[in-house]
Amino acid sequence: MFPMRTNDKMIFEKLLTVFREVFLDEDLQIDGSTTAQDIPGWDSFVHVTLMVKVEETFGVQFDDDEIGGLADVGELQQLIAGKLG
Amino acid sequence: MDVLLNPTFWLLATACIIAMRAPMPWPQTTRFGVLSLVVIGVAFDWRASLLMLAIGLAVWLGLHRIGETGAASSGGTSLCLLAVLFAPSGVFVLYKLVQTNGDASGLPYMLLATLSFSYVFLRIIEVIRVVSASRVRLLRPLALVGYLFPFHMLISGPLNVYAHHLKMDDEEWKPLTLVEAAKGVWLVVTGLFLKVVLAEGGRTFIWGTEAIAVESWTDAAMVHAYVLFDFGGYSVMAFGLGRLLGVPTPLNFRRPFLAGSVSEYWRRWHISLGDWVRRNLFTPLQVRLVRRLGSQHAVTVGVLSLVVCFAGVGVWHRFNSRYLVWGIGIGALMALEKMAASVWMRQSWSRQKSLQWAVRVVGVAYTFFVMTAGWMYVWEESTQ
Amino acid sequence: MKWQKREWLLVCGIVVDVTLKLFLIAALIDNSGADFVYRGF
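Protein chains in written order, with the working numbering: chain A, 1 to 85; chain B, 1001 to 1384; chain C, 2001 to 2041.
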């Protein structure tokens, strides 16, 4: 795994907290390659809740295609980093 | 004569594959639009071809105007957006009303039916949503005609994705290899086999040349299998033709009778419709409601969105109360399943393999029973 | 491009499968009396 910059690390840690909160699992572990297949219960129904929580946490807003078009956690992390500038 | 037995269609399709795979300066999307106009005009009806050109141009003009005036906030742009949205919706409503109650022999209806307008309408909604809300570019007029009326997906879908269609122009030209061609031909012939041998052979074996009658649960189960091979056959043919043409064409069926829940069934049956609903209705609706009401209401909002979306899917099939009830029922069942699954996943014993296997088996039987019963409820009326 | 054994097998398998399916399709079209229109409700 590549070393993360401070900003990436901050984003990742906040993301991990959101994931644990949404999936009600305090021991949940994620990394850049985690996809919906890897987390039980991550379907389109929960995905929207997750994305809105992410929006609230980071103070950003995604458009519909960004919400629907993410491949993995790494892409989400990059998207947030891009929005935060 | 049905288009599948029409040699002109297959000759034209072969010519289109050659034209699409030839190195030419024209963008792929525009080339495909022109080819679709020609195939529909020659193999189906030249008036249908003119109608698709007119509809494509009207949608393009409306959306182009929005693009010219910038963000969709100015008065003129909003009016334009309303016009481009309401005109196709009006045509769709009239089309469905005639399909359900009226005289289906009039020329406008016949032409719209030739073009499978129900699917075209969904593509129009997608292109309006994507172009007006995102930074996605609008295709040129003839290319847009190709997205809205792809000749190989016209009979019964599947529903192609606008963003994927656009990407055709960005891809580097590659010749069709013999292995790719063989795989494409295999898909087309397999689709034809599913349609002719399994669907029609099965139908004539069971019902003879009489019309299909759904009078018992066994009839409904057999019709369920018939529609899978019929609709699935067309979809596999379209998928194969899409690969030969180099036009993005989604997979529409993936062993739906192995689905362990109604939610999974909709990820395996008419997949491209389920994906369309997710992209264009469910996600936008749920996102806006959750943002407005707060994530503490996410479950209620999710249930409501599911019911509303599937009620829409029901009415999209036919304008009658049975399809509406069917859609609401499917949405409600999916919401119930979702809640049951979240309770199940929180139990430690739910991780036992044997238990998971047993639930899977029961789930497959339950899904087939529930979906067959649901289809029977709506087909009873359409086959009478 | 030199073809590997796998590619030869794949294409030969497809040719056999396609021939058989076309044979069955032709037999059914001649004998069933079905009209082959789409009935997807």
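Yeah, the Cβ is synthetic: ideal placement off N, Cα and C, and Gly gets one too.
CA-CA distance, residue 1361 (chain B) to residue 1260 (chain B), rounds to 7 Å. Distance from the Cα of residue 1327 (chain B) is smallest, within the candidate group B:1364, B:1306 and B:1340, for B:1306. When DSSP states are grouped into helix, strand and coil, residue 1215 (chain B) belongs to the coil group. Proximity of the segment 1117-1125 of chain B to the segment 1153-1166 of chain B meets the contact definition, three or more beta-carbon pairs being nearer than 8 Å. Shown here, residue 1020 (chain B) sits in a helix according to DSSP, grouped into three states. As the crow flies, the alpha-carbon of residue 1248 (chain B) is around 28 Å from that of residue 1318 (chain B). For residue 1168 (chain B), not one C-beta of chain A is nearer than 8 Å to its own C-beta.
Judged by pairs of C-beta atoms under 8 Å, the segment 1234-1247 of chain B touches the segment 1147-1156 of chain B, as three or more such pairs exist. With a threshold of 8 Å between beta carbons, residue 1284 (chain B) makes contact with chain A. At a C-beta separation below 8 Å, residue 1353 (chain B) has no neighbours in chain A, since its nearest C-beta there lies roughly 14 Å away.
Contact annotation: residue 1334 (chain B) and residue 1262 (chain B) have beta-carbon atoms nearer than 8 Å. For the set B:1193, B:1342, B:1203 and B:1371, the Cα lying nearest the Cα of residue 1004 (chain B) is the one of B:1193. For residue 1007 (chain B), the number of other beta carbons within 10 angstroms of its own is below 16, and it is reported as exposed.
Apart from sequence neighbours up to five positions away, the residues of its chain that approach residue 1065 (chain B) with a beta-carbon distance below 7 Å are 1080, ordered along the chain. The DSSP-derived three-state label of residue 1253 (chain B) is coil.
The beta carbon of residue 1229 (chain B) sits closer than 6 Å to the beta carbons of 1194, 1198 and 1199 from its chain, once the five residues preceding and following it are set aside; these are given in chain order.
In terms of beta-carbon proximity, residue 2030 (chain C) stays away from the interface with chain B, with every pair separated by 8 Å or more.
Every alpha helix (DSSP H) stretch that sits fully inside the segment 1181-1213 of chain B and reaches 4 residues is listed by chain position as 1202-1207.
Of the residues assessed, residue 1036 (chain B) falls on the buried side of the cut-off, its CB having 16 or more other CB atoms within 10 angstroms. For residue 10 (chain A), the closest of A:51, A:21, A:57 and A:41 by C-alpha to C-alpha distance is A:57. Closer than 7 Å at the C-beta level to chain A, one finds these residues of the segment 1294-1321 of chain B: 1295, 1298 and 1302.
Closer than 8 Å to the CB of residue 2022 (chain C) there is at least one CB belonging to chain B.
The residues 1098, in chain order, have a CB closer than 7 Å to that of residue 1104 (chain B) in the same chain once the five nearest residues on each side in sequence are set aside. Here the segment 6-26 of chain A makes no contact with the segment 1272-1281 of chain B; the two share fewer than three CB pairs at distances below 8 Å.
Interface flag for residue 2010 (chain C) against chain B is set, since a Cβ pair is found closer than 8 Å. In the three-state DSSP reduction, residue 1296 (chain B) falls in the helix class (H, G or I). The closest CA to that of residue 1118 (chain B), considering only B:1095, B:1107, B:1136 and B:1132, is found on B:1095.
With contacts defined as CB atoms closer than 8 Å, residue 1245 (chain B) and residue 1188 (chain B) fail to qualify as a contacting pair. By the Cβ test, the segment 1137-1150 of chain B is not in contact with the segment 1359-1375 of chain B, since fewer than three Cβ pairs between them sit closer than 8 Å. Membership of residue 1104 (chain B) in any alpha helix (DSSP H) is not indicated, and neither H nor E is assigned to it by DSSP. Sequence-distant partners of residue 1310 (chain B) (beyond 5 residues in either direction) whose C-beta falls short of 6 Å from its own C-beta, in its chain, are 1327, 1330 and 1331.
Only buried fits residue 1338 (chain B), as 16 or more other CB atoms lie within 10 angstroms of its CB.
Between residue 54 (chain A) and chain B, the shortest Cβ-Cβ separation is not below 8 Å.
The segment 65-76 of chain A makes contact with the segment 30-38 of chain A; the number of CB pairs closer than 8 Å reaches 3 or more. Residue contact check for residue 1326 (chain B) against chain C: no CB pair falls below 8 Å.
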